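Notes for the one structure printed next.
Residue numbers (the working numbering), protein chains in the order written: chain C, 6 to 421; chain V, 6 to 421.
Here it is as structure tokens:
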């Protein structure tokens, strides 16, 4: 089944507001297994609303319109839709009394423009709004279904799944097949390299989408089937094939985050970590503390930006800093070992590097980062060379550090 | 002048990604005083791209298309646009060599699919991409201008204002009167309160836009005039009026960030700061180190998550933690004083609170945060009660801490 979304409002076409309704509704359609043929935003303008309907309706079986149902003068969606289909308007007395009751219950002053919200095109089915004053309505036109609802995002988030989706499922019963969706999150390969690596995999009808989220790449697999088990079987089969080729780059699935996976592994193994950050400036610790209950596994985080703090707080000898520099493998190793020892944690993780834009040299250009992990027995250290701006160097270095920690915890590190 | 925006990508119509490009470009058009007649999103689908062009082009003078210029199989925008206008494709050797050079410079493995990014429709003007590998292109069709650029949001944010907008201004010189734009960044007032406060100000033709960016509110003033001086005069006059009413909530202008303003003040006064964070988990230090040269003013940052680390690293007595709790005014003050003293910095900034979702009590519910600032003579402390989720509590608390530091540095703190 093909669907369309039209969002209406001058605030959308002026860029004043981020249109979140389109993405929300599109995702809901997608999860139903319904294709979204097109989405449009137009201003509060009768001609443009008609143009949008003339364009989207022929391409689709069902269209959802949001916005322009309020009481103010620029809310003209109902009038525009009625005109587009040559339908007369009428005032629904039940709805009018309902709105007046809301006003009196909350002690609001009634003004005549609010009566607009009780006006509907003849033949419309009224859609109750469980989250606001303005009701929506639906029309059946040439076998297609048009649902018109208010544009306030919190109202859409309630009204769409509770009212509009059931209406569409009733209207198109043959289109309600099961959809299985699995997201694979990768780090360390470019989008093109991922694409190349999975070329030739028999996806047998499983849809695949690429979603870069710096510094990660997300692959979304989806399959539709009459039965839940059959849909999952196909998605899982494809996911396994991809895992065979790219397993070492996959760090999480679906809603999991890298910090969430690391936190889960630390809790599972009963290990604690402490962090000494130089170039990442606190970002690793910030990410690790985004997970509820992080005090169980995170002992402390130190942003040892100055040489003095590296010596005072981590015990890195002045001579090492002088001889090898603050950005060096030697310093990174001693930072990881130092924070581990002084915090009394099981693991110590450390970063030192040059985030830029200044501070680079020929031997150590901007983007040079050393990351070390100490467990009291062994200390691993890796050197990275990044070509991003300051903020992105911080982000990708924090990612590489958390990936190193994850690989240590899963035992992958030894096989590298 | 009428403009249109078409964003292309299955990730947009599936709801997988929030389409930020449309809002960004619409806002830029709006600032130019150009109307946005319609915006559309369609999937990576040749037929739909042609349909979208057929719809949007007749309604507009200029159309910007984003997305689908990458190297992977689903990137088909160039082919679709060429077909829509019956233009043959060719490979631009200069661009091909440029892309290959990027690959070899960064030691990336060349794969043949990357050559796709050097293919253009005959007659296209190539648009350099200052932020990524894939170039864009523009076409002139029946007096209308079509600009096609990659869809990666960071690339759009650089390429649109630096490449596309100048191109459009050159193409439509009569539409390019001087535009003065000033952004006022506010913290601490709701959108409705700002709206209320500025009601009745004579803006005399100055456009005003409202852009909430949690936890900040941005007000954008714009004026267009034949002369640069006249346009700026009008914007400045309005900005001054707003400053009279809301000055204490304005912390930055235009491209400035809060951390940038704080960094500038610290450098200007030759002061250093050290940070002890509990509930903010490293986010304050992360923000302070986003500014190049932060090692001049930031001595160290400590994420003292455990009680032990508050005692070991900051000298907070065990008795204070036992009597008042880790989340208390007493602890916050001692954290700020301790980090200042032990780091030997001029100032000490500290946070302690309950980010949630667990750990709250009746006396100290989730969202309770204490922020303290010590200068060796006096220590200030403020208590905040937030009602947001864990991540947002971290963000708004880091904002409140940096605002406190800024007010101290500007001397505003004494007048509160």
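The beta-carbon is built from N, C-alpha and C at its ideal position, and this holds for glycine as well.
These figures come from a predicted structure and were not determined experimentally.
query: If you follow the beta strand (DSSP E) that residue 33/C is part of, which residue opens it and which one closes it?
result: No beta strand (DSSP E) holds residue 33/C; the alpha helix (DSSP H) holding it covers 25-36.
message: Quick check on DSSP: helix, strand or coil for residue 168/V?
response: Helix at residue 168/V.
- prompt: Hey, does residue 290/C have any beta-carbon neighbour from chain V nearer than 9 Å?
  reply: Yes, its Cβ sits closer than 9 Å to a Cβ of chain V.
CB contact below 9 Å: residue 201/C versus chain V: Chain V, which has a Cβ nearer than 9 Å to the Cβ of residue 201/C, makes this yes.
message: Any beta carbon from chain C within less than 9 Å of residue 421/V's own beta carbon?
response: Low confidence applies here, because residue 421/V scores a pLDDT of 42, under 50, leaving its location unreliable; read the following figure in that light. False, the Cβ-Cβ gap to chain C never drops below 9 Å.
message: Given this structure, state the Cα-to-Cα distance separating residue 414/C from residue 120/V, to the nearest angstrom.
response: Spanning the alpha carbons of residue 414/C and residue 120/V requires a straight line of approximately 39 Å.
query: Where does the unbroken beta strand (DSSP E) through residue 40/V begin, and where does it stop?
result: For residue 40/V, the enclosing beta strand (DSSP E) starts and ends at 40-47.
- prompt: Would you say residue 329/C and residue 184/C are within 9 Å of each other, going by their C-beta atoms?
  reply: The answer is no: Cβ separation not under 9 Å.
- prompt: Between residue 300/V and residue 310/C, which are expected to be in contact by the criterion C-beta below 8 Å, what is the C-beta distance as a whole number of angstroms?
  reply: Taking C-beta atoms under 8 Å as the contact rule, residue 300/V and residue 310/C qualify, at a distance of about 5 Å.
task: Output the boundary residues of the alpha helix (DSSP H) element that contains residue 90/C.
output: Unbroken run through residue 90/C: none, as it is neither H nor E.
- prompt: When you compare each of 285/V, 127/V, 15/V, 30/V to residue 77/V by their alpha carbons, which one comes out closest?
  reply: Residue 77/V has its Cα closest to that of 15/V, out of 285/V, 127/V, 15/V, 30/V.
- prompt: Rounded to a whole number of angstroms, what is the C-alpha to C-alpha distance between residue 61/C and residue 91/C?
  reply: Here the C-alpha atom of residue 61/C lies approximately 18 Å from the C-alpha atom of residue 91/C.
message: Among the candidates 181/V, 280/V, 295/V, whose CA atom is the shortest distance from the CA of residue 266/V?
response: When only C-alpha atoms are compared, the closest one is 295/V.
Bridge partners - residue 229/V, DSSP secondary structure assignment: 184/V, per the DSSP bridge assignment.
- request: Establish whether the CB of residue 22/V and some CB of chain C are separated by less than 9 Å.
  value: Chain C contact via Cβ: present.
task: Report the residues of the stretch 156-175 of chain V with a CB closer than 8 Å to any CB of chain C, ordered along the chain.
output: Listed by position along the chain: 157, 159.
- request: Ignore the nearest five residues each way along the sequence and tell me which others in residue 288/V's own chain have a CB closer than 6 Å to its CB.
  value: Excluding sequence neighbours, residue 288/V sits near 399, 403.
- request: Assuming residue 364/C and residue 375/C form a contact by the criterion Cβ under 8 Å, report the distance between their Cβ atoms to the nearest whole angstrom.
  value: With a Cβ gap of about 14 Å, residue 364/C and residue 375/C do not count as contacting.
task: Give the secondary structure of residue 390/V by DSSP, where H, G and I count as helix, E and B as strand, and everything else as coil.
output: Assignment of residue 390/V by DSSP, reduced to helix, strand and coil, places it in the strand class.
task: Please state whether DSSP places residue 125/V in a helix, a strand or coil.
output: Three-state result, residue 125/V: strand.
field: Minimum Cβ-Cβ distance from residue 53/C to chain V less than 9 Å
entry: Residue 53/C has a beta carbon lying within less than 9 Å of a beta carbon in chain V.
task: Would you grab the beta carbon distance between residue 139/V and residue 163/V for me? Rounded to a whole angstrom, and I think it's under 8 Å.
output: That pair is no contact at about 13 Å.
- request: Name the two residues that bound the continuous beta strand (DSSP E) containing residue 149/C.
  value: Following the DSSP letters along the chain, one finds residue 149/C inside the beta strand (DSSP E) bounded by residues 149-154.
field: residue 420/C to residue 383/C span [Cα, whole Å]
entry: Model confidence at residue 420/C stands at a pLDDT of 43, short of 50, so the residue's coordinates are unreliable and nothing is read from them.
- prompt: When the Cα atoms are used, what is the spatial distance from residue 316/V to residue 323/V?
  reply: Straight through space, the alpha carbons of residue 323/V and residue 316/V are spaced by roughly 7 Å.
field: Inter-residue Cα distance where the pair is residue 423/C and residue 283/V
entry: With chain C covering only 6 through 421, there is no way to say anything about residue 423/C.
task: Return the CA-CA distance between residue 98/V and residue 123/V, expressed in angstroms with no decimal places.
output: Rounded to the nearest angstrom, the two C-alpha atoms are 7 Å apart.
message: Which residue wins for smallest C-alpha separation from residue 225/C, given the options 29/C, 157/C, 244/C, 192/C?
response: Looking at the Cα atoms, 244/C is the closest of the given residues.
Any 3 or more C-beta pairs closer than 8 Å across the stretch 168-179 of chain C and the stretch 227-239 of chain C: No, the stretch 168-179 of chain C does not touch the stretch 227-239 of chain C.
Whole-angstrom distance between residue 208/C and residue 349/C, CA atom to CA atom: Take the alpha-carbon of residue 349/C and the one of residue 208/C: they are about 49 Å apart.
task: For my contact list, residue 161/C and residue 29/C are in at a C-beta cut-off of 8 Å; report their separation, rounded to the angstrom.
output: Indeed, because the Cβ distance is near 6 Å, the residues count as touching under 8 Å.
task: Would you mind giving the Cβ-Cβ distance between residue 108/V and residue 115/V, rounded to the nearest angstrom? I have them listed as a contact below 8 Å.
output: Contact flag correct, Cβ pair sits at about 5 Å.
message: Looking at the ligand NAP, does it come within less than 8 Å of residue 195/C, judged from the CB to the closest heavy atom?
response: The model depicted lacks the ligand NAP and carries no ligand whatsoever.
- prompt: With 9 Å set as the bound, which would you pick, yes or no: does the beta-carbon of residue 227/V sit closer than that to a beta-carbon of chain C?
  reply: No, because no Cβ of chain C sits closer than 9 Å to the Cβ of residue 227/V.
field: Distance, residue 239/C Cα to residue 10/C Cα
entry: A direct Cα-to-Cα measurement between residue 10/C and residue 239/C gives close to 29 Å.
query: With C-beta atoms as the reference, is residue 407/V less than 9 Å away from residue 263/V?
result: Taking 9 Å as the Cβ cut-off, residue 407/V and residue 263/V qualify as a contacting pair.
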